[in-house]
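Report on the following structure.
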Amino acid sequence: MKYKAFFWDFDGTLFNTYPIMVQAFMQALTMQRVSEIELDEVAIYETMRRHSLGAALKQFSAEFSIDSERLNRDYRALEAPMIKAAKPFEGIVPLIQQLYDNGGRHYLLTHRDRSSERLLINAGIKKLFTDEITSEQPFPRKPAPDSLNALIARNHVARQTAIMIGDRTLDVDAGHNAGIAGALFDPGHLIDATASHPEISVTNVSGLAEALLQ
Numbered sequence: 000m001k002y003k004a005f006f007w008d009f010d011g012t013l014f015n016t017y018p019i020m021v022q023a024f025m026q027a028l029t030m031q032r033v034s035e036i037e038l039d040e041v042a043i044y045e046t047m048r049r050h051s052l053g054a055a056l057k058q059f060s061a062e063f064s065i066d067s068e069r070l071n072r073d074y075r076a077l078e079a080p081m082i083k084a085a086k087p088f089e090g091i092v093p094l095i096q097q098l099y100d101n102g103g104r105h106y107l108l109t110h111r112d113r114s115s116e117r118l119l120i121n122a123g124i125k126k127l128f129t130d131e132i133t134s135e136q137p138f139p140r141k142p143a144p145d146s147l148n149a150l151i152a153r154n155h156v157a158r159q160t161a162i163m164i165g166d167r168t169l170d171v172d173a174g175h176n177a178g179i180a181g182a183l184f185d186p187g188h189l190i191d192a193t194a195s196h197p198e199i200s201v202t203n204v205s206g207l208a209e210a211l212l213q
């Protein structure tokens, strides 16, 4: 294999969490007396995917003239129990195992809190991850390379063998900013790959497996 160190984003890459996130976000909006008729599920999803949850909070709180901090609090309270039902993308678990069996090492780098670790445990693959950084550790958010650099340094990773895998431009940019390769996993064809020039660009897990196992 060309790559031996795999740095994984969580939401939208390892786990298909966006449907749950969007539902929690829509419920949080209705708690602010936004009519269900006014809600655009696709627009919320695309904002989260193309940009971030923070961007969605800013955009839709402004659109509906509601308090963004209150919207965020309501969203977090709703999402926390709902996210426990999240599942990995089909094919991700065997891919993680196969890469590990072939000598690869996995690292988690996510803006999510430690609920991501519990979901990895539930999926039976937490034991295959060497190290992780979550939102509970004080690093700047991607695409800043600080968190990646910390994982690379403390695990003595050779940068030429490493790749950052994620579903957004900022994941690829974080990899490049840290001096490693980037892979864009883009189900739905929502991201303009030319913006970040990833070494790998795929739209499904089978394509990702084919690229990473070479």
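Note that the sequence shown covers residues 0 to 213 in numbering that gives the first Met the number 0.
The beta carbon of each residue, even a glycine, is placed where N, CA and C say it ideally should be.
Taking the beta carbon of residue i as the centre, do at least 16 other beta carbons fall within 10 Å, making it buried, or is it exposed?
i             : result
arginine 140  : exposed
threonine 109 : buried
histidine 188 : exposed
serine 200    : buried
glutamate 131 : buried
proline 144   : buried
alanine 4     : buried
arginine 113  : exposed
Check residue i in the structure and name its three-state DSSP category.
i                : result
aspartate 73     : helix
alanine 157      : coil
glutamate 198    : coil
glutamate 131    : strand
arginine 140     : coil
phenylalanine 59 : helix
leucine 108      : strand
alanine 4        : strand
glutamine 213    : coil
valine 92        : helix
valine 171       : helix
If I'm right that residue i touches residue j with Cβ under 8 Å, what's the distance once you round it to whole angstroms?
i              : j              : result
leucine 70     : glutamine 31   : 6 Å
methionine 0   : asparagine 101 : 6 Å
isoleucine 190 : isoleucine 179 : That belief does not hold up - the Cβ atoms of isoleucine 190 and isoleucine 179 are roughly 19 Å apart, past 8 Å.
Going by DSSP, which residues form a beta bridge with residue i?
i                : result
phenylalanine 24 : According to DSSP, which records beta bridges pairwise, phenylalanine 24 is partnered with nothing at all.
leucine 183      : Gly165 and Ser200
aspartate 10     : Phe14
proline 87       : Phe14
Should residue i be counted as a contact of the ligand GDP given a C-beta to heavy atom distance under 7 Å?
i          : result
alanine 54 : The ligand GDP is not part of this structure, which contains no ligands at all.
Looking at C-beta atoms only, is the number of pairs between the segment 75–93 and the segment 54–65 that lie closer than 8 Å three or more? no
Inter-stretch contact (C-beta, 8 Å, three-pair minimum) for the segment 8–25 and the segment 35–49: Note that the segment 8–25 touches the segment 35–49; at least 3 beta-carbon pairs, one per stretch, sit closer than 8 Å.
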